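Enquirer: This is the structure, below, for whatever I ask next.
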Amino acid sequence: MAVSTSAAKRLSRPGQEAVRTRGWLAAHKWLLLRRASQLTILALFLAGPWFGVWLVKGNLTSSLTLGVLPLTDPYALLQSLAAGHWPYKTALIGAAIVLAFYLLLGGRVFCSWVCPVNLITDAAAWSRRRLGLKTGKTPAEATRRWLLGATLVVSAATGSIAWEWVNPVSFFHRSLFFGWGLGWLALAAVFVYDLTVARGWCGHLCPMGAFYSLLGKTALARVTAPQRARCNDCMDCFAVCPEPQVIRPALKGSGSPVILSSDCTTCGRCVDVCGQDVFRFSHRFDQRSAS
Amino acid sequence: MADRPDMPATPDLPRAPRGGAAGTAPAPATPEQGGPASGARRRFLNGIAGAAGSACLMGLGVGLYSRQARALPALALRPPGALAEADFLAACVRCGLCVRDCPYDTLKLAPLGDAAGVGAAGTPYFSARQVPCEMCEDIPCVKACPTGALDHGLTDINQARMGLAALVDHESCLNFLGLRCDVCYRVCPVIDQAITLEKMHNPRSDRHAMLLPTVHSDHCTGCGKCEKSCVLPEAAIKVFPLALAKGKLPEHYRKGWEEKEKAGGSLIGDQLQLPARGVDTPPASPIGGAGLPSAPSHPVVPSAPPGLGGER
Numbered sequence: 001m002a003v004s005t006s007a008a009k010r011l012s013r014p015g016q017e018a019v020r021t022r023g024w025l026a027a028h029k030w031l032l033l034r035r036a037s038q039l040t041i042l043a044l045f046l047a048g049p050w051f052g053v054w055l056v057k058g059n060l061t062s063s064l065t066l067g068v069l070p071l072t073d074p075y076a077l078l079q080s081l082a083a084g085h086w087p088y089k090t091a092l093i094g095a096a097i098v099l100a101f102y103l104l105l106g107g108r109v110f111c112s113w114v115c116p117v118n119l120i121t122d123a124a125a126w127s128r129r130r131l132g133l134k135t136g137k138t139p140a141e142a143t144r145r146w147l148l149g150a151t152l153v154v155s156a157a158t159g160s161i162a163w164e165w166v167n168p169v170s171f172f173h174r175s176l177f178f179g180w181g182l183g184w185l186a187l188a189a190v191f192v193y194d195l196t197v198a199r200g201w202c203g204h205l206c207p208m209g210a211f212y213s214l215l216g217k218t219a220l221a222r223v224t225a226p227q228r229a230r231c232n233d234c235m236d237c238f239a240v241c242p243e244p245q246v247i248r249p250a251l252k253g254s255g256s257p258v259i260l261s262s263d264c265t266t267c268g269r270c271v272d273v274c275g276q277d278v279f280r281f282s283h284r285f286d287q288r289s290a291s
Numbered sequence: 001m002a003d004r005p006d007m008p009a010t011p012d013l014p015r016a017p018r019g020g021a022a023g024t025a026p027a028p029a030t031p032e033q034g035g036p037a038s039g040a041r042r043r044f045l046n047g048i049a050g051a052a053g054s055a056c057l058m059g060l061g062v063g064l065y066s067r068q069a070r071a072l073p074a075l076a077l078r079p080p081g082a083l084a085e086a087d088f089l090a091a092c093v094r095c096g097l098c099v100r101d102c103p104y105d106t107l108k109l110a111p112l113g114d115a116a117g118v119g120a121a122g123t124p125y126f127s128a129r130q131v132p133c134e135m136c137e138d139i140p141c142v143k144a145c146p147t148g149a150l151d152h153g154l155t156d157i158n159q160a161r162m163g164l165a166a167l168v169d170h171e172s173c174l175n176f177l178g179l180r181c182d183v184c185y186r187v188c189p190v191i192d193q194a195i196t197l198e199k200m201h202n203p204r205s206d207r208h209a210m211l212l213p214t215v216h217s218d219h220c221t222g223c224g225k226c227e228k229s230c231v232l233p234e235a236a237i238k239v240f241p242l243a244l245a246k247g248k249l250p251e252h253y254r255k256g257w258e259e260k261e262k263a264g265g266s267l268i269g270d271q272l273q274l275p276a277r278g279v280d281t282p283p284a285s286p287i288g289g290a291g292l293p294s295a296p297s298h299p300v301v302p303s304a305p306p307g308l309g310g311e312r
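The listed protein sequences correspond, in order, to chains A and B. The first sequence lines up with residues 1 to 291 when you count with full-length UniProt numbering. The second sequence lines up with residues 1 to 312 when you count with full-length UniProt numbering.
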């Protein structure tokens, strides 16, 4: 199968057509909003240690906002339960709030709008496209779900919160808020891994992503392809999507135009890069389709 | 790799990835696959086996790593109320809320790759020599813990057992040299209970006393103020995690003097005072008598110290 050079070049910079037709800002709307969300969350955590403004204490694993709102990562708490510890009410309430939020909105909204490692993996994906790298054997997509199960088994077997020994998401936050140590090495490793293996970390390994994906079955916030008839097969959305397999059923199927897969991170990059305005942000019940 | 959606070879549609996301059509069969069903099934089974295998390997790696990492004797002193280390690691989500609520910046989160043995990465600890625990009456760090890794049942800071002080270096402790330093004793928040000064004869000068700082585990909270304040360049008194500092008597051991006090009297009754016969007259046989020491004036082993059957 011969690769046309111009197509390869275009796909190293997806979204050019959208920039031409809608302008740079509109063609990066959701990306900018997403970065704003990620950085705002980091800023809220950092305002305390850096400037003494204690709006949020703790980190992504467990935090306390304004002294009243507890939030706890349900996946970490699940491992704690597996390890044989019944947590206090505060942590349970915190986890329940987080669970409810992501069940409603879509589990992997966490991955694209909150998780700080997304900044690293997006940077790796961007570099990979620009450098035209095609290397790396991607592990099976189901690996992350098996790993999710394995971390719970290991937690039970070792009596400790297993994934926290290696979790780059925690390293990122703790390194930034409590002092670096060698945490940056783990983050560099994720970058290098994603540079050599397409979407290797978030898309195939991260059990945290797999956990939040499980919460996405009933998610309300969804991307839909109401104008899928306009699709000119330019492949920009597939090139930019962190979970490209989720697009096809909605874009090319005859059923619902809504991207219903719980692996969709609802990042909205497909909305941004599509020069034909095929996609839009909507809710899961939005069945409007021009086709 | 030609079927990866991010690397389309032709403008046609990307195929479903291995393992098959729900709702995607199976990839078209090619002649060597022997039909769509068997090809798809083989790919599916291969994918599952690969995924399960690699996940199990990674899980095993994580498990072995955590086993090995926790086996290191952590020198970390945990915050007050911390569960025993094994339970603590099941409960602590490493959020650092205890660190944030400590008003004296005593607590830190262990950084990744710290070789000093301060505990699993991300767990809270403090170094007594740098910043000891100030033993706040309201114990804010314990209250901040959302999971119970720090036991909220601890309401009296004097009941905390963060570690145990031990006067480890008798050779450089100034009081052991016969000087009056006493700083560790005087800064102790549980003075005269956790640390006492035990008066001993100074055999070197033969005319002075030595006042030896002595730690009592019944009362020592492990706050580390003694270690912090030791005037030596390297502290002679140090606080260790309980597991490192404490010895352990065998279960069946009883201390006679404690049992006696508990029972309000000797449990074995008065000892028989038998007359020492054959002491006054020299033995008839030179073989039996030559090696015998002169008879003691009292029936005890002379060299045994008090408390071990000796007499004072």
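Here a beta-carbon is modelled for each residue, glycine too, at the ideal position from N, C-alpha and C. Just so you know, these numbers come straight off a predicted model, no measurement behind them.
Looking only at DSSP bridge pairs, what is A:Leu69 linked to?
Expert: In the first sequence, the residue the question calls residue 69 of chain A occupies position 69. In the DSSP output, where bridge partners are listed per residue, A:Leu69 has A:Thr65.
Enquirer: State the beta-bridge partners of B:Tyr125 as determined by DSSP.
Expert: Numbered from its first residue, the second sequence carries residue 125 of chain B at position 125. Note: B:Tyr125 sits in a beta bridge opposite B:Lys108.
Enquirer: From what residue to what residue does the alpha helix (DSSP H) around A:His173 run?
Expert: Counting from 1 along the first sequence, the entry for residue 173 of chain A is found at position 173. Segment 168-178, the alpha helix (DSSP H) holding A:His173.
Enquirer: For B:Pro213, list the residues DSSP reports as bridge partners.
Expert: Along the second sequence, one-based indexing puts residue 213 of chain B at 213. B:Leu197.
Enquirer: Find the residues of chain A that neighbour B:His170, judging by a C-beta separation of less than 9 angstroms, and give them in chain order.
Expert: By 1-based counting over the second sequence, the position of residue 170 of chain B is 170. By Cβ distance, chain A contributes nothing, its closest Cβ being about 36 angstroms from B:His170, past 9 angstroms.
Enquirer: Taking contact to mean at least 3 C-beta pairs separated by less than 8 angstroms, is the stretch 157-176 of chain B in contact with the stretch 210-220 of chain B?
Expert: The answer is yes - the stretch 210-220 of chain B touches the stretch 157-176 of chain B, with three or more Cβ pairs under 8 angstroms.
Enquirer: Between residue 313 of chain B and chain A, is the shortest Cβ-Cβ distance under 8 angstroms, so that the two count as touching?
Expert: This structure does not reach residue 313 of chain B, given that chain B is present from 1 up to 312, and the question cannot be answered.
Enquirer: Within the same chain, show all residues whose beta-carbon is closer than 7 angstroms to that of A:Ala198, passing over the 5 residues directly before and after it, in chain order.
Expert: Within the first sequence, the letter at position 198 stands for residue 198 of chain A. Answer for A:Ala198: Arg128, Gly136, Thr138, listed in chain order.
Enquirer: Can you give the Cα-Cα distance for B:Asp270 and B:Lys246, rounded to whole angstroms?
Expert: Reading the second sequence from its first residue, position 270 is the one you call residue 270 of chain B. Reading the second sequence from its first residue, position 246 is the one you call residue 246 of chain B. The alpha-carbon atoms of B:Asp270 and B:Lys246 are separated by roughly 35 angstroms.
Enquirer: What residues from chain A crowd round B:Val131, counting only those whose CB sits closer than 9 angstroms?
Expert: Here the question's residue 131 of chain B lines up with position 131 in the second sequence. Simply none; closest approach about 14 angstroms.
Enquirer: What do you reckon, are the CB atoms on A:Asp272 and A:His28 nearer than 8 angstroms?
Expert: Indexing the first sequence from 1 puts residue 272 of chain A at position 272. Indexing the first sequence from 1 puts residue 28 of chain A at position 28. Yes, these two residues count as a Cβ contact at 8 angstroms.
Enquirer: Taking 8 angstroms as the threshold (beta carbon to beta carbon), is B:Ala40 in contact with chain A?
Expert: Translated into the one-based positions of the second sequence, residue 40 of chain B becomes position 40. No, because no Cβ of chain A sits closer than 8 angstroms to the Cβ of B:Ala40.
Enquirer: Could you give the C-beta distance for B:Glu198 and B:Ala128, rounded to a whole number, given that I count them as a contact under 8 angstroms?
Expert: Indexing the second sequence from 1 puts residue 198 of chain B at position 198. Indexing the second sequence from 1 puts residue 128 of chain B at position 128. Not quite, the Cβ-Cβ distance comes to about 23 angstroms (not below 8 angstroms), so this is no contact.
Enquirer: Mind checking if A:Val154 is an interface residue toward chain B, Cβ cutoff 8 angstroms exclusive?
Expert: If you number the first sequence from 1, residue 154 of chain A lands on position 154. So, interface residue.
Enquirer: By a C-beta neighbour count over all protein chains shown, 10 Å radius and 16 as the cutoff for buried, is A:Val53 buried or exposed?
Expert: Your numbering for residue 53 of chain A matches position 53 in the first sequence. Result: exposed.
Enquirer: If we cut at 8 angstroms on Cβ distances, does B:Cys102 have a partner in chain A?
Expert: Taking the first residue of the second sequence as 1, we reach residue 102 of chain B at position 102. No, B:Cys102 does not count as interfacial toward chain A.
Enquirer: Which residues, in order along the stretch 44-65 of chain B, keep a beta-carbon less than 7 angstroms from a beta-carbon of chain A?
Expert: For the stretch 44-65 of chain B, which is checked against every Cβ of chain A, the residues closer than 7 angstroms are Gly47, Ile48, Gly50, Ala51, Ala52, Ser54, Ala55, Cys56, Met58, Gly59, Val62, Gly63, Tyr65.
Enquirer: How is the beta strand (DSSP E) around A:Phe281 delimited, first residue to last?
Expert: Your numbering for residue 281 of chain A matches position 281 in the first sequence. Note, A:Phe281: beta strand (DSSP E), 280-283.
Enquirer: Return helix, strand or coil for A:Gly58, following the three-state DSSP convention.
Expert: In the first sequence, counting from the first residue as 1, residue 58 of chain A sits at position 58. Here A:Gly58 sits in strand by DSSP.
Enquirer: Rounded to a whole number of angstroms, what is the C-alpha to C-alpha distance between A:Val114 and A:Gln227?
Expert: Here residue 114 of chain A refers to the residue found at position 114 when the first sequence is read from its first residue. Here residue 227 of chain A refers to the residue found at position 227 when the first sequence is read from its first residue. C-alpha separation (whole angstroms): 29 angstroms.
Enquirer: Going by beta carbon distance, what residues of the same chain come within less than 8 angstroms of B:Gly153, once the five residues before and after it are set aside?
Expert: Here residue 153 of chain B is taken as the residue at index 153 of the second sequence, counted from 1. The residues are Gly81.
Enquirer: For A:Thr224, list the residues DSSP reports as bridge partners.
Expert: As a first step, residue 224 of chain A is located in the first sequence; it is residue number 224 there, counting from the start. Looking at the DSSP assignment, A:Thr224 forms a beta bridge with A:Val258, A:Arg280.
Enquirer: Cα separation between A:Phe191 and B:His252?
Expert: Your numbering for residue 191 of chain A matches position 191 in the first sequence. Your numbering for residue 252 of chain B matches position 252 in the second sequence. Each residue's Cα considered, the two are about 58 angstroms apart.
Enquirer: Near B:Asp101, what residues of its chain come up, given a Cβ to Cβ distance below 6 angstroms and the 5 sequence neighbours on each side ignored?
Expert: Residue mapping note: residue 101 of chain B aligns to position 101 of the second sequence, counting from 1. Cβ within range, chain order: Pro140, Cys141, Ala144.
Enquirer: Can you have a look at A:Ala18 and say buried or exposed, based on whether 16 or more other CB atoms are within 10 angstroms of its CB?
Expert: Position 18 of the first sequence holds residue 18 of chain A. Burial call: buried.
Enquirer: My assumption, with CB atoms under 8 angstroms, is that A:Ala186 sits in contact with A:Phe171. Please give the rounded CB distance.
Expert: Here residue 186 of chain A is taken as the residue at index 186 of the first sequence, counted from 1. Here residue 171 of chain A is taken as the residue at index 171 of the first sequence, counted from 1. With a Cβ gap of about 5 angstroms, A:Ala186 and A:Phe171 count as contacting.
Enquirer: Are A:Ser62 and A:Ala43 close, meaning C-beta to C-beta below 8 angstroms?
Expert: For the purposes of this step, residue 62 of chain A is taken as the residue at position 62 of the first sequence. For the purposes of this step, residue 43 of chain A is taken as the residue at position 43 of the first sequence. No.
Enquirer: Output yes if chain A places a C-beta closer than 8 angstroms to the C-beta of B:Ala194; else output no.
Expert: Taking the second sequence and counting its residues from 1, one reaches residue 194 of chain B at position 194. Cβ-Cβ to chain A under 8 angstroms: no for B:Ala194.
Enquirer: Does chain A have any CB closer than 8 angstroms to the CB of B:Cys223?
Expert: Counting from 1 along the second sequence, the entry for residue 223 of chain B is found at position 223. So, not an interface residue.
Enquirer: Under 8 angstroms, do A:Ser112 and A:Thr266 count as touching if we go by C-beta distance?
Expert: Position 112 of the first sequence, counted from the start, is the residue given in the question as residue 112 of chain A. Position 266 of the first sequence, counted from the start, is the residue given in the question as residue 266 of chain A. Yes, the Cβ-Cβ distance between A:Ser112 and A:Thr266 is below 8 angstroms.
Enquirer: Cα-Cα, which of B:Val62, B:Ala74, B:Glu261 is closest to A:Ser160?
Expert: Residue 160 of chain A sits at position 160 when you count from the first residue of the first sequence. Here the closest residue by C-alpha is B:Val62.
Enquirer: Below 8 angstroms, can you find three or more Cβ-Cβ pairs linking the stretch 228-238 of chain B to the stretch 170-185 of chain B?
Expert: At 8 angstroms Cβ cutoff, the stretches touch.
Enquirer: Under 7 angstroms between beta-carbons, which chain A residues line up against B:Pro146? List them in chain order, please.
Expert: Along the second sequence, read from residue 1 onward, the residue named residue 146 of chain B stands at position 146. Ser62, Pro70, Thr72, Tyr88, Thr90, Ala91, Gly94, listed in chain order.
Enquirer: Kindly give me the distance between the Cβ atoms of A:Thr72 and A:Ala100, rounded to whole angstroms, as I take these residues to be in contact under 8 angstroms.
Expert: Locating residue 72 of chain A in the first sequence gives position 72, where the first residue counts as 1. Locating residue 100 of chain A in the first sequence gives position 100, where the first residue counts as 1. At roughly 12 angstroms, the Cβ-Cβ gap does not stay under 8 angstroms, so A:Thr72 and A:Ala100 are not in contact.
Enquirer: Report the residues of the stretch 107-130 of chain A with a CB closer than 7 angstroms to any CB of chain B, ordered along the chain.
Expert: Under the 7 angstroms Cβ criterion, the stretch 107-130 of chain A contributes no residue.
Enquirer: Chain A beta carbons: is any one of them nearer than 8 angstroms to that of B:Cys95?
Expert: As a first step, residue 95 of chain B is located in the second sequence; it is residue number 95 there, counting from the start. Interface residue, yes.
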